[in-house]
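First up is the structure itself, then whatever we jot down about it.
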Amino acid sequence: MNTQPPIADDDSSDDLGTRVAASGPAGTPNAASGGGAAEDGTPIQEAEGPAGASAGNTHLLSSQWFSDPSLPFHDKVLLSQLLSDDRYSGPVALDDLYANAVVAVDWLETGGLIRWEEDSRVLLQVERLREAAGAAGQPEPYVLCDQEVLIYPKGIGSGKQQHLPYRIEWPGVMLAFDTRNQDSRQHGNWYLKVTGEGCVQLGAMTCYRKAGEIVQELGGVLYDQWVKRIDFALDLPDVDLKAEFLDAFRQEHFLTSSKSWNPYDGPEGCSGFTVGTMNRVKLNVYDKLRQAKKKDELYQLAMQQNRWGGRIPNAATRIEYQIRKPWLDEYGLCRADDVFRMIPAIISRLAELEKRPFFAMTNGPVDRKNKHQNRCGRLPAWVKAVATFQTLAGQPHEPLERVNRELIGGKRALQSAMGFLTSAAAKSGRCIATSADLVEFLREQIER
């Protein structure tokens, strides 16, 4: 039995996606990012815009995203906005969703390739500050693209990891890079991580865009970026974990294609469960209220305002999918932009109820011995949670299809053959600069 929390790496975080708010405040300002603070630290409330949305709150967006599939999944939408929007034509009645739910990008980690095109004064200043930080033994403060940051004397990576000598951070965000140009993903010169705190306080996509602006200000072009890890979370304030999901899980009333599942039995009792492994896809379902109480006051305030409708609920459940690069590659999602564009389809696939689901709770025992698992009905609470997750993520505008593995095998074999030929030519003193050179070298070897 697993005794570790299902929330690994302190990744129980939230980039605001979409919200259902059937009751409670229609919108609350973001004191952690948009509202700012007075000298004594008191959050400053900003004027509200349409539908109760704070004008300075980057987490809020009109419900246009719901009817326009070209818009990316970046921010949240309130149920009150959907009810007043005749364009909503989703497959699920809004009354059948969990009230006050929020779907969010919960963690974001990317790698990338930067092409440095010019000598930047800003980059030179960053280098000076990095040296000063080394002499002082502590990071130096600076402002990049209107963002207060800390510049560290040392970078990240050692051993087999790619070393990136520059490291810049602000709360919940770390970016690292190398100023040497690279042209291979195996030697990427860019790394970005938006942690739980960054997501709940600022929003993962807001931080993602800010990091891109910083690269540009430093004189670089981030021309290739891929997702190493991305998490999606469904926050359910006022939903009791034990009553809705935990008892059914402990009785193993569920279907799963994974061979790994465990409850989390900690010193305070069972507070959730986990399904899957860390190298591909992992599902965490846990008591978010209990977990948040262990955080600092700023995090708790951000959770209240950005996830729980401006209040502390009596109970709060989190359903969270952690997705790694190998799973994304399996569906051909090799670039960050492709991942963001396909978020509705990704969530729809992961939360699938019928076609060999990754995980689905049932309303009774499962006949695993005779492999009659799909004959079980689905647990109504889980059906409601899945409907909420999928509806708020948006309707997929294109299917999520696995890459043909046979094509991948043939391509890799061809690449390997070309690599062997190039190496053989180099050992014989032959320079291979173009594909024509390679063909000529191969012809010569055959005619011998």
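Quick note, our numbering runs 13 ahead of the 1-based positions in the sequence shown.
Every residue, glycine too, gets a C-beta built ideally from N, C-alpha and C.
Query: CB-CB length for Gln335 against Arg242, believed under 8 Å; Result: 7 Å
Query: CA-to-CA distance, His200 to Glu454, given in whole angstroms; Result: First, the residue type needs correcting, since residue 454 is Phe and not Glu in the sequence shown. So the two alpha carbons sit approximately 29 Å from each other.
Query: Beta bridge counterpart(s) of Lys295 as assigned by DSSP; Result: Gly289, Gln335
Query: Rounded straight-line distance, which links the Cα of Ala148 to that of Leu296; Result: 44 Å
Query: Residue burial classification, Gly442 (beta-carbon count within 10 angstroms, cutoff 16); Result: exposed
Query: Distance CB(Val135)-CB(Leu231) smaller than 7 Å; Result: yes
Query: Local conformation of Arg324 per DSSP, three classes; Result: coil
Query: Per-residue DSSP class, three states only, for Lys308; Result: coil
Query: Coil, strand or helix - Pro280 by DSSP; Result: coil
Query: Arg415 burial status per 10 Å Cβ neighbour count (16 or more: buried); Result: exposed
Query: Buried versus exposed, by CB contacts within 10 Å (16 or more), Ala446; Result: exposed
Query: Inter-stretch contact (C-beta, 8 Å, three-pair minimum) for the region 300 to 313 and the region 338 to 347; Result: no
Query: Same chain only: Cβ atoms within 8 Å of Arg391, ignoring 5 sequence neighbours per side; Result: Leu366, Ala373, Met374, Thr375, Asn376
Query: DSSP state of Met374 mapped onto helix, strand, coil; Result: strand
Query: Buried/exposed call for Leu427, threshold 16 Cβ in 10 Å; Result: exposed
Query: With 16 other Cβ atoms within 10 Å as the buried cut-off, status of Arg198; Result: exposed
Query: Inter-residue Cα distance where the pair is Leu451 and Asp244; Result: 44 Å
Query: Identity of the residues DSSP links to Leu121 by a beta bridge; Result: Val207, Ile243
Query: Pairwise C-alpha distance: Arg263 and Ala400; Result: 23 Å
Query: Neighbour-count burial assignment, Arg456, 16 or more Cβ in a 10 Å radius; Result: exposed
Query: Residues that DSSP places opposite Pro250 in a beta bridge; Result: Ala329
Query: Pair within 7 Å by beta-carbon distance, Gly282 and Ile127; Result: no
Query: Thr269 (DSSP reduced to helix, strand or coil); Result: strand
Query: Exposed unless 16 or more other CB atoms sit within 10 angstroms - verdict on Leu137; Result: exposed
Query: Gly289 beta carbon less than 7 Å from that of Tyr277; Result: no
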